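Residue numbers (full-length UniProt numbering), protein chains in the order written: chain Y, 1 to 264; chain R, 1 to 264.
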């Protein structure tokens with residue numbers, strides 16, 4: 001009988017949510033409590049992992065600027081190797097594993113190795129971080145759709161044209177560096193230069209900050225504010241709903257009236 | 001001193017996730033435990049609400065086919081009225097409050113009434129239900145963006161054209177009834193008739209079922225399977241990654257090879 005057949009090893013891929021530990025799901029907390037090994041990312045909640053996963057070896061595979069980072073293939077190899085030795089490996093990722101998180105690749109790596117793998121969905125930063133700034137991605141009468149896109153690399157012209165034409169809310173993850181090309185491209189393809197844009201930095205972390213501007217002005221605003229990753233960029237009319245905590249009751253009522261819904 | 005000034009009333013708007021109770025967040029569980037009143041929807045997890053919110057009055061405001069449903073304005077009025085009487089009102093919604101859930105309207109209703117309101121983001125069904133069927137909305141080399149859209153009403157031609165042109169994954173919520181017009185529209189605007197489509201019904205509930213077809217065939221397949229709400233429709237190449245539990249190891253490896261990522 002081979003070692004693999006005897007092995008109880010398995011992998012649980014967990015969406016850890018946007019960073020606040022109390023935005024972990026109950027299912028995630030239970031998996032962490034039963035973990036032998038936890039491989040965690042920089043953006044996953046990890047400050048109290050030693051309490052959440054008291055019996056586990058904790059391995060930081062996150063990419064820290066200027067520090068050694070594990071390449072994706074090494075993470076997958078480590079995950080599979082530990083599971084093949086019989087461990088319950090928890091792979092703890094920020095946000096949701098299937099939203100620009102390479103979770104699909106990690107699942108395939110387990111499948112290829114014959115390791116049982118389960119995916120626990122998480123609260124995605126794409127939705128929750130705007131929410132923390134008071135921005136709903138959809139709002140009746142304002143937007144009934146949204147697109148989430150990676151800004152890790154510049155978007156091609158076709159993508160920009162159709163994003164601009166779609167007319168819904170646009171959420172860009174990892175988009176601080178490509179902000180100039182994305183905003184210029186959307187204006188070139190017909191979006192108004194005064195369409196509101198929000199940059200929400202460090203969502204759910206100390207120092208969370210929202211910078212509000214518009215497509216024409218946000219690059220200058222971001223530069224002036226020294227906006228930096230991690231940040232979520234939201235483009236669309238829903239940004240007008242952002243509440244900044246300083247707004248007076250009258251301001252909120254005025255805003256609500258402007259956004260009044262026709263019909264019901 | 002007015003009653004409102006003395007009141008401790010407040011509202012917590014909670015995203016209850018896709019339906020499994022263990023996909024509630026810790027923050028949601030804590031808010032429920034402290035609730036005086038819970039207003040819950042049909043799609044929110046509610047089977048054990050009496051345990052999660054033992055001190056609370058539980059009010060079902062969900063829309064059940066053929067039964068009385070609370071109109072949106074009545075839900076908002078009830079929520080505000082109870083908070084004005086000093087209650088901690090939890091408004092428990094399915095998925096995330098800000099994804100096609102009218103959460104923004106409920107927040108504005110609180111603002112207008114001067115009631116403190118907090119939003120707890122949840123695991124959205126738009127991402128988690130496909131995930132439960134093994135479908136990642138993004139996958140390196142396959143799709144780096146996705147759009148979530150309401151299929152409650154037919155989509156206009158412009159929206160269909162740009163959704164087709166965008167080339168990413170399309171997720172349609174509440175889309176079973178409009179499936180014929182949406183799929184025909186996407187094909188008319190250039191998407192291939194053999195582009196894969198998945199209908200995931202009753203995500204995270206007993207009887208969860210995935211029907212896989214393509215843009216050209218899904219209406220017939222849905223009819224044959226008698227697909228019904230609640231369901232999430234996923235359109236895009238990522239549907240090829242769906243694992244159905246019956247796939248052999250060789251099948252998975254073949255699939256992984258087909259989806260091999262150029263570069264790293």
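Glycine included, C-beta positions come from ideal geometry on N, C-alpha and C. These numbers were taken from a predicted model, which means no experiment stands behind them.
Collapsed DSSP secondary structure at residue i in the structure displayed
{"i": "residue 196 of chain R", "result": "strand"}
{"i": "residue 10 of chain Y", "result": "strand"}
{"i": "residue 19 of chain Y", "result": "coil"}
{"i": "residue 111 of chain Y", "result": "helix"}
{"i": "residue 212 of chain R", "result": "strand"}
{"i": "residue 162 of chain Y", "result": "helix"}
{"i": "residue 104 of chain Y", "result": "helix"}
{"i": "residue 202 of chain R", "result": "coil"}
{"i": "residue 95 of chain R", "result": "strand"}
{"i": "residue 50 of chain Y", "result": "helix"}
{"i": "residue 2 of chain Y", "result": "Its pLDDT being 44, under 50, residue 2 of chain Y is placed unreliably by the model, and nothing is read from it."}
{"i": "residue 231 of chain Y", "result": "strand"}
{"i": "residue 60 of chain Y", "result": "strand"}
{"i": "residue 155 of chain R", "result": "coil"}
{"i": "residue 119 of chain R", "result": "strand"}
{"i": "residue 80 of chain R", "result": "helix"}
{"i": "residue 218 of chain R", "result": "helix"}
{"i": "residue 124 of chain R", "result": "coil"}
{"i": "residue 85 of chain Y", "result": "coil"}
{"i": "residue 176 of chain R", "result": "coil"}
{"i": "residue 148 of chain Y", "result": "strand"}
{"i": "residue 43 of chain Y", "result": "coil"}
CB contact below 8 Å: residue i versus chain Y
{"i": "residue 136 of chain R", "result": "yes"}
{"i": "residue 229 of chain R", "result": "no"}
{"i": "residue 12 of chain R", "result": "no"}
{"i": "residue 239 of chain R", "result": "no"}
{"i": "residue 178 of chain R", "result": "no"}
Below-8 Å beta-carbon distance, residue i vs any chain R residue
{"i": "residue 68 of chain Y", "result": "no"}
{"i": "residue 162 of chain Y", "result": "yes"}
{"i": "residue 41 of chain Y", "result": "no"}
{"i": "residue 233 of chain Y", "result": "no"}
{"i": "residue 144 of chain Y", "result": "yes"}
{"i": "residue 150 of chain Y", "result": "yes"}
{"i": "residue 183 of chain Y", "result": "no"}
Contact set between residue i and chain R, taken where Cβ atoms lie within less than 8 Å
{"i": "residue 128 of chain Y", "result": "96 and 121"}
{"i": "residue 165 of chain Y", "result": "158, 161, 162 and 165"}
{"i": "residue 29 of chain Y", "result": "26"}
Contact list for residue i against chain R, beta-carbon separation under 7 Å
{"i": "residue 157 of chain Y", "result": "Chain R residues near residue 157 of chain Y: none, gap ~11 Å exceeds 7 Å."}
Cβ separation of residue i and residue j, assumed to be a contact under 8 Å, to the nearest whole Å
{"i": "residue 23 of chain Y", "j": "residue 128 of chain Y", "result": "7 Å"}
{"i": "residue 120 of chain R", "j": "residue 25 of chain R", "result": "7 Å"}
{"i": "residue 95 of chain Y", "j": "residue 17 of chain Y", "result": "7 Å"}
{"i": "residue 238 of chain R", "j": "residue 136 of chain R", "result": "6 Å"}
{"i": "residue 170 of chain R", "j": "residue 235 of chain R", "result": "4 Å"}
{"i": "residue 179 of chain R", "j": "residue 222 of chain R", "result": "6 Å"}
{"i": "residue 61 of chain Y", "j": "residue 115 of chain Y", "result": "The Cβ separation is near 17 Å, so there is no contact."}
{"i": "residue 166 of chain R", "j": "residue 193 of chain R", "result": "18 Å between Cβ atoms; not a contact."}
Under 7 Å from the C-beta of residue i: neighbouring residues of chain Y
{"i": "residue 131 of chain R", "result": "98, 119 and 121"}
{"i": "residue 102 of chain R", "result": "140"}
Listed by chain order, chain Y residues near residue i by CB distance under 8 Å
{"i": "residue 22 of chain R", "result": "25, 26, 27 and 30"}
Contact test: residue i Cβ vs the ligand SAM heavy atom, cutoff 7 Å
{"i": "residue 203 of chain R", "result": "Judged by which ligands are present, the structure shown has none, so any question about the ligand SAM falls away."}
Per-residue contacts from residue i into chain Y (C-beta, under 9 Å)
{"i": "residue 210 of chain R", "result": "Within 9 Å Cβ-Cβ: nothing; residue 210 of chain R doesn't reach chain Y, min ~15 Å."}
Partner residues on chain R for residue i, Cβ-Cβ distance less than 9 Å
{"i": "residue 48 of chain Y", "result": "None at all; the shortest Cβ gap to chain R is about 12 Å."}
Cutoff 8 Å: residue i Cβ touching any chain B Cβ
{"i": "residue 152 of chain R", "result": "In the structure shown, chain B cannot be found, because the protein chains are Y and R."}
Whether or not the stretch 190-205 of chain Y and the stretch 224-232 of chain Y are in contact is what I'm after, with contact meaning three or more pairs of Cβ atoms, one per stretch, closer than 8 Å; do they touch? Output reads yes: the stretch 190-205 of chain Y touches the stretch 224-232 of chain Y.
Per the contact definition of three or more C-beta pairs closer than 8 Å, is the stretch 148-166 of chain Y in contact with the stretch 174-181 of chain Y? With the rule of 3 Cβ pairs closer than 8 Å, the stretch 174-181 of chain Y counts as touching the stretch 148-166 of chain Y.
Contact between the stretch 181-189 of chain Y and the stretch 157-168 of chain Y: three or more CB pairs below 8 Å? The stretch 181-189 of chain Y is in contact with the stretch 157-168 of chain Y.
Any contact of the stretch 32-39 of chain R with the stretch 52-64 of chain R, i.e. 3+ C-beta pairs under 8 Å? Here the stretch 32-39 of chain R lies against the stretch 52-64 of chain R, with 3 or more beta-carbon pairs under 8 Å apart.
Touch check for the stretch 96-103 of chain R and the stretch 114-129 of chain R: three-plus C-beta pairs under 8 Å? Pairwise C-beta distances place the stretch 96-103 of chain R in contact with the stretch 114-129 of chain R, as three or more of them are shorter than 8 Å.
Taking contact to mean at least 3 C-beta pairs separated by less than 8 Å, is the stretch 7-27 of chain R in contact with the stretch 78-96 of chain R? Counting Cβ pairs under 8 Å, three or more are found: they touch.
Would you call the stretch 104-111 of chain R in contact with the stretch 139-148 of chain R, where contact means no fewer than 3 C-beta pairs closer than 8 Å? No contact exists between the stretch 104-111 of chain R and the stretch 139-148 of chain R.
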